[in-house]
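>
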Amino acid sequence: MVENECPATTSSRCGFRHPGKTTTTALTAHVLSQARSDIGYFIGGEALGFPFSSKLGTEGAPFIIEGDEYDTAFFDKRAKFLHYLPEIAVVTSLEFDHGDIYNNLREIEIAFQRMFRQIPQDGLVLLCADNYALSLKNKAFSKVESYGLEAPADWQGLIKRDPNNRVLLDISYKGTKWGKVMPSLFGKHNLQNTLATVAVAATLGQQAPQIAAAVESFPGVRRRLEVFLDTGKAVFVEDFAHHPTAIRETVAAAREHWPQKRLRVLFEPRSNTTVTNRFQKELEEAFDGADELCLGPIHRAERIAEEERLNTQRLVENLEKKGITAHAFTEVPPLADYILDSLGDTDLILILSNGAFGGLYTMLREALAPDKTQP
Numbered sequence: 054m055v056e057n058e059c060p061a062t063t064s065s066r067c068g069f070r071h072p073g074k075t076t077t078t079a080l081t082a083h084v085l086s087q088a089r090s091d092i093g094y095f096i097g098g099e100a101l102g103f104p105f106s107s108k109l110g111t112e113g114a115p116f117i118i119e120g121d122e123y124d125t126a127f128f129d130k131r132a133k134f135l136h137y138l139p140e141i142a143v144v145t146s147l148e149f150d151h152g153d154i155y156n157n158l159r160e161i162e163i164a165f166q167r168m169f170r171q172i173p174q175d176g177l178v179l180l181c182a183d184n185y186a187l188s189l190k191n192k193a194f195s196k197v198e199s200y201g202l203e204a205p206a207d208w209q210g211l212i213k214r215d216p217n218n219r220v221l222l223d224i225s226y227k228g229t230k231w232g233k234v235m236p237s238l239f240g241k242h243n244l245q246n247t248l249a250t251v252a253v254a255a256t257l258g259q260q261a262p263q264i265a266a267a268v269e270s271f272p273g274v275r276r277r278l279e280v281f282l283d284t285g286k287a288v289f290v291e292d293f294a295h296h297p298t299a300i301r302e303t304v305a306a307a308r309e310h311w312p313q314k315r316l317r318v319l320f321e322p323r324s325n326t327t328v329t330n331r332f333q334k335e336l337e338e339a340f341d342g343a344d345e346l347c348l349g350p351i352h353r354a355e356r357i358a359e360e361e362r363l364n365t366q367r368l369v370e371n372l373e374k375k376g377i378t379a380h381a382f383t384e385v386p387p388l389a390d391y392i393l394d395s396l397g398d399t400d401l402i403l404i405l406s407n408g409a410f411g412g413l414y415t416m417l418r419e420a421l422a423p424d425k426t427q428p
């Protein structure tokens, strides 16, 4: 749409980089749509509250799009976001990923630098100050601003709680009080995503009261800390997290939101990087806070040389040393049977996969809620 100059994409474009890009893109589209109905968007997931994941919008309206540094296609190895020509770019984090495309973090930094050079001088780069993304602050020709909850930032969010123990973000901009929002999402990473959305909406001229109301009404995104099954006692939650950082943040969010539950994590090593041992050490640290980890079979393990493959047995052994019960399964049905046979009334089953997990979701639904089984 951008390269063929569809009318709606010749206006302001906002781009987002993962992790959190789908949630932040959907939230920003939701917030902006409360002020004007003519915006366009392209969301890489199923955003609740929208009839479709994309909309062209009208000429002159903002167009919200998510993207990352992954290659465009087998015939175009450039990063996807180099095609988008954003006027506002939000970088939620910067860390190594996509080991099938990049050899190291430096190569990823270069991809971002190339994208920044496309942003006009009157554009804006928004960087999360709470992680390594801020290291890019001197790489852009446009204005650069930061947002964060922990490190000092232009857009500063202070986490508070109201009398009903609901989380509030008390936000200031360059030292001046901006206002408060009550996010519908939970978890530190989602509060950071909310802060990024506030910064974008305010930059585009939306007023604080309208932004706050829209943030509170956001219904969320499929497969992002989504409860897909509740037996009345045990709760089943699914999330798309597959990078170690996203896993760590998601596990921490689940632990905080359901503190009384026994947190049992089911993880499918599926992405092109997590199926290898590139993240062996990081994965051994990503599940801290869980009571139990059940590893599913490595996706298409036969395509990976054994010396390059994720060592699931080593992962299990090192987690056990830290007091986390851990198991590695070579097939999905035995994993489903194990969970069903050992299911307790206080269990929170957190399923992490960027795919279908070998039909695990259907197996669990058919066993526990056959009337809710989806085709």
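Under my numbering, read the sequence shown as residues 54 to 428, first letter to last. Backbone N, C-alpha and C fix where the C-beta goes; we use that ideal spot for every residue, glycine too.
1. According to DSSP, what are the bridge partners of Thr329?
2. By how many angstroms is the C-alpha of Ile117 removed from the C-alpha of Gln166?
3. Which first and last residues belong to the beta strand (DSSP E) in which Asp292 is found?
4. Excluding the five sequence neighbours on either side, which residues of its own chain have a C-beta within less than 6 Å of the C-beta of Thr125, listed in chain order?
5. Looking only at its own chain, which residues have a Cβ that is under 7 Å from the Cβ of Ile357, when we skip the five neighbours before and after it?
6. Put Asp398 into one of helix, strand or coil per three-state DSSP.
7. Just to check my reading of the structure: Cys461 and Leu319 have Cβ atoms closer than 8 Å, yes? What is that Cβ distance to the nearest angstrom?
8. For my contact list, Ala265 and Gly232 are in at a C-beta cut-off of 8 Å; report their separation, rounded to the angstrom.
9. Leaving out five residues before and five after His295 in sequence, what residues of the same chain have Cβ atoms less than 6 Å from its Cβ?
10. Can you give me the Cβ contacts of Gly176 inside the same chain, cut-off strictly under 8 Å, excluding the 5 residues immediately before and after it?
11. Please classify His310 as buried or exposed, where buried requires at least 16 other C-beta atoms within 10 Å of its C-beta.
12. Less than 8 Å separating the beta-carbons of Ser453 and Thr256?
13. Any Cβ of chain D within less than 8 Å of the Cβ of Gly376?
14. So, does the segment 372 to 385 touch the segment 333 to 348, judging by three or more C-beta pairs under 8 Å?
15. Which same chain residues, not among the five before or five after Leu421, have their C-beta less than 7 Å away from its C-beta?
16. Within 10 angstroms of the Cβ of Tyr322, are there 16 or more other Cβ atoms? Answer buried if so, exposed if not.
Result, derived from the coordinates:
1. Thr329 is bridged to Arg362.
2. Cα-Cα distance, rounded: 21 Å.
3. 288 to 292 is the span of the beta strand (DSSP E), which, as asked, contains Asp292.
4. Exclusion of the five residues before and after Thr125 leaves Arg131, Lys133 as the residues of its chain whose Cβ lies within less than 6 Å of its Cβ.
5. Its chain contains Val328, Thr329 as the residues whose beta carbon lies nearer than 7 Å to that of Ile357, once the 5 sequence neighbours on both sides are disregarded; these appear in chain order.
6. In this structure, Asp398 counts as coil in the three-state DSSP scheme.
7. In the structure displayed, the chain extends from 54 to 428; residue 461 sits before or after that span and is not available.
8. With a Cβ gap of about 6 Å, Ala265 and Gly232 count as contacting.
9. Spatial neighbours of His295 in its own chain (CB-CB distance under 6 Å, excluding positions within 5 residues in sequence) are listed in chain order as Ser324, Thr327, Asn407.
10. Around Gly176: Pro139, Glu140, Ile141, Ala142, Ser195, Lys196.
11. Using a 10 angstroms sphere on the CB of His310, the tally of other CB atoms stays under 16, which defines it as exposed.
12. Residue 453 cannot be examined here, being either before or after the span of the chain that is shown, 54 to 428.
13. The structure shown contains no chain D, having only a single protein chain.
14. Remark: three or more beta-carbon pairs, one from each stretch, lie closer than 8 Å, so the segment 372 to 385 and the segment 333 to 348 are flagged as touching.
15. Apart from the 5 residues on each side of it in sequence, Leu421 sits with its Cβ closer than 7 Å to the Cβ of Leu282, Thr284 in its chain, given in chain order.
16. In the sequence as displayed, the identity of residue 322 is Pro instead of Tyr. Pro322 should be labelled buried.
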